[in-house]
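The listed protein sequences correspond, in order, to chains A and B. UniProt numbering applies: residue 1 is where the first sequence begins, and numbers increase by one. UniProt numbering applies: residue 1 is where the second sequence begins, and numbers increase by one.
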Amino acid sequence: MHDSISRHLDPEAICLGVEATSNRDVIDLLAGRLAALGRVRPSFAGAVLAREASMPTGLPLGGAVNVAVPHTDPEHVVKPSLALATLARPVGFGSMDDPDEEIPVGVVMMLALDNKDAQIDMLREVAELIQRPGALAALAAATSPDEIYAVLGA
Amino acid sequence: MPRTKVVLVACGTAVATSTVVANAIEEEMRERGIAVDIRQCKATEVPGLIDDVDLVVSTTPVPPDLDKPVITTLAFLTGIGKAEVLDKIEAALRG
């Protein structure tokens, strides 16, 4: 179960089959949705982009679908939230453990966190989700937010 | 009683990924009978916090020449190679 993810993920912050040509496109899109929902400050998008440039968040999973978890410092966050994008075609993100290596990413989970202790359940669920066999492929194949919540609730 | 070992867990912002890693290490080492004092920081803060640290575990590159063992791993996020990394951490803390 990923209750905490579902609770923090507004349907308006789910973007499916996104046509993006760069990780900046995806970050701008998701940060824009979170800003429109009042969950993050206007400074959030720029802060996430800056962090991604120096310390990228791509996670190589050894399979077809890699994931990235762009995020930034708590001061840019109004209310803890997630945003999720699945991409029509993968875009490159730097690998977290080796920023010089670019990996193709098909699912992006943006994290807006303001307190690591309060949001530990959500973080734990995100790690479990990434590690659950087939979960990311199921997210990538979803055609509606309901299907996303179904994967999260599985 | 051996001294509690100090593990410094680093990531980019010290808010998201290092929290996941810190929790996983604490739980797994407790199961292996090793008491650990886990501290979290940004990768850039590691050199200033290194003095009484026994081991650094980071998800992202840390500055070089720290004079302490460093394990850079994504295993606690991706699950890939987790058992091996836990063995490495245990060996470093028992050493």
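Don't be surprised by glycine CBs; every beta carbon is placed ideally from N, CA and C.
As assigned by DSSP and simplified to three states, the class of residue i
i, result
"A/P90", "strand"
"A/M96", "coil"
"B/V15", "coil"
"A/R7", "helix"
"B/K88", "helix"
"B/A83", "helix"
"B/L74", "coil"
"B/A35", "coil"
"B/A93", "According to the sequence provided, residue 93 of chain B is Leu. The question's Ala does not apply to it. Helix."
"B/L66", "coil"
"B/V53", "coil"
Which listed residue (the options) has its alpha carbon closest to that of residue i
i, options, result
"A/I120", "B/V70, B/L66, B/T19", "B/T19"
"A/V91", "A/E125, A/G58, A/M110, A/V77", "A/G58"
"A/G38", "A/P60, A/L136, A/D10", "A/D10"
"A/E52", "A/P99, A/E147, A/A135, A/N115", "A/P99"
"B/I50", "B/V36, B/T60, B/D65, B/T59", "B/D65"
"A/C15", "A/R124, A/D73, A/G106", "A/G106"
"B/A43", "B/I71, B/R30, B/R32, B/E28", "B/I71"
"residue 160 of chain A", "A/G17, A/I5, A/A13, A/S4", "Residue 160 of chain A is absent from the model: chain A starts at 1 and stops at 154."
"A/V77", "A/A137, A/I130, A/A35, A/N66", "A/A35"
Contact belief for residue i with residue j at Cβ below 8 Å, rounded distance in angstroms
i, j, result
"A/H8", "A/S81", "5 Å"
"A/A83", "A/R33", "6 Å"
"B/I25", "B/V15", "Their Cβ separation, rounded to whole angstroms, is 17 Å, which puts B/I25 and B/V15 out of contact at 8 Å."
"A/V126", "A/A68", "That belief does not hold up - the Cβ atoms of A/V126 and A/A68 are roughly 12 Å apart, past 8 Å."
"A/M55", "B/G48", "Between B/G48 and A/M55 the Cβ distance is about 17 Å, and since that is not below 8 Å, they are no contact."
"B/E28", "B/L86", "5 Å"
beta-carbon residue i near the ligand MG non-hydrogen atom, thresh 7 Å
i, result
"B/D87", "Inclusion of the ligand MG in the displayed structure is not the case, the ligand content being empty and no account of it being possible."
Original post:
Residue ranges of each beta strand (DSSP E) run of no fewer than 3 residues wholly in the UniProt domain "PTS EIIA type-2" (7-154) of chain A, ordered along the chain?
Top reply: 9-18, 66-68, 81-95, 98-112
Subject >> Members of the region 66-83 of chain A near chain B, C-beta cut-off 8 Å >> reply: V69, H71, T72, D73, P74
**OP:** Could you list the residues in the region 76-89 of chain B with a C-beta less than 9 Å from some C-beta on chain A, going in chain order?
**Re:** F76, L77, T78, G79, I80, K82
**OP:** Can you give me, in chain order, the residues of the region 51-65 of chain B that have a beta carbon less than 8 Å from any beta carbon in chain A?
**Re:** T59, T60, P61
**OP:** Give, in chain order, every residue of the region 96-113 of chain A whose Cβ lies closer than 8 Å to some Cβ of chain B.
**Re:** M96, D97, D98, P99, L111, L113
**OP:** Check distances from the C-beta atoms of the region 14-47 of chain A to those of chain B and list, in chain order, the residues that come in under 9 Å.
**Re:** none
Original post:
Any residues in the region 114-141 of chain A with a beta carbon nearer than 7 Å to a beta carbon of chain B? Which ones, in chain order?
Top reply: Within the region 114-141 of chain A, the residues whose Cβ lies closer than 7 Å to some Cβ of chain B are K116, I120, L123, R124, A127, I130, Q131, listed in chain order.
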